[in-house]
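To start, the structure itself, in structure tokens.
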Amino acid sequence: MHKKRVLIVFYSFTRQTKLMLNKFIEGLECEGVEVTVQRLVPVSPYEFPFKSYAGLIKATVETFFQKRFEIEVLDEKCYGNWDRVIIAGPTWSYNPSGPVIEFLDRFGRDVCGDQHVIPFISCRAYWRVHNWGLGRRLKRCGAAVVEDPIVFTHLIHEPWRTIGLILQMRGKMVRKENSWFRKKYPGYGHNREQNNIALEEGHKLGKKLNAQVGR
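Numbering (the working numbering), first residue to last: 1 to 215.
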């Protein structure tokens, strides 16, 4: 039987996307799927954590207007025919991240053209505009099918979710476990239960691909 092949192209700023992908890939590989991973590397990335609130506000405005980030050239391994292509990354001010937008502008047609593509989104909460914009770009790149996204949101309620994000971006997260803030905001990002869901999503996609005779 033909071994199913999946390409994952991703960008991860605070490692939340990468952590979810690790479990997702584990699930795929447990189903016998061959996974190829391409990390998008910005030539001049934002510093993390941000040194000032002014720098953070500037970045928020830039990403709202979909600033591109020049990225390093992709590996040759990305070009070919795949059973699925996964485009993964965080939501930046309602949009795909700058490196992902740059990838689609420069390489999207060559990598995603005529492919079945699945968005994989890590975000605080507001992912629908991101997914809509990503889908439009993928269709312009000639993607054969853009499937329903795999989405992981930060589960803590507002306003603590936003406050925690700002503190994390500035490197000022409250570390004291018994503080009043940590009772409201146990930690930044995704949790262990979501890791298990990502693993299951990988198993699910692997089983779906293996059940297909061909596209």
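All residues carry an ideal CB built from backbone N, CA and C; glycine is no exception. Owing to the predicted nature of the structure, the values given are computational and were not obtained by experimental measurement.
The alpha-carbon of Phe-50 is positioned some 30 Å away from that of Gly-108. Counting only the Cα atoms, Lys-208 lies some 15 Å from Pro-149. By the Cβ-count criterion, Asn-95 is buried, with 16 or more other Cβ atoms from all chains shown falling within 10 Å of its own Cβ. Phe-64 counts as exposed, since fewer than 16 other C-beta atoms from the protein chains shown sit within 10 angstroms of its C-beta. Within the model, the alpha-carbon separation for Arg-170 versus Ser-52 is close to 7 Å.
Straight across, the Cα-Cα distance linking His-116 with Val-146 is about 6 Å. For Cys-123, the enclosing beta strand (DSSP E) begins and ends at 116-123. According to the DSSP assignment, Leu-155 belongs to no beta strand (DSSP E), since it is labelled neither H nor E. Bounds of the beta strand (DSSP E) holding Glu-34 are 34-39. Under the 8 Å Cβ criterion, the region 5-12 counts as touching the region 83-91, having at least three qualifying pairs.
In the DSSP annotation of this structure, the continuous segment of the alpha helix (DSSP H) that includes Arg-106 starts and ends at 98-112. Separation of Gly-142 and Cys-112 (C-alpha to C-alpha, rounded to the nearest whole angstrom) is 7 Å.
Tyr-126 counts as exposed, since fewer than 16 other C-beta atoms from the protein chains shown sit within 10 angstroms of its C-beta. Closest in alpha carbon position to Glu-29, among Val-213, Glu-201, Gln-212, is Glu-201. Under the three-pair Cβ rule at 8 Å, the region 69-77 does not count as touching the region 190-204. Taking every protein chain shown into account, the CB of Phe-48 has fewer than 16 other CB atoms within 10 angstroms, so this residue is exposed. Distance from the Cα of His-157 is smallest, within the candidate group Arg-175, Asn-178, Arg-182, Glu-177, for Arg-182. Per DSSP, Leu-74 lies in no beta strand (DSSP E) and is assigned neither H nor E.
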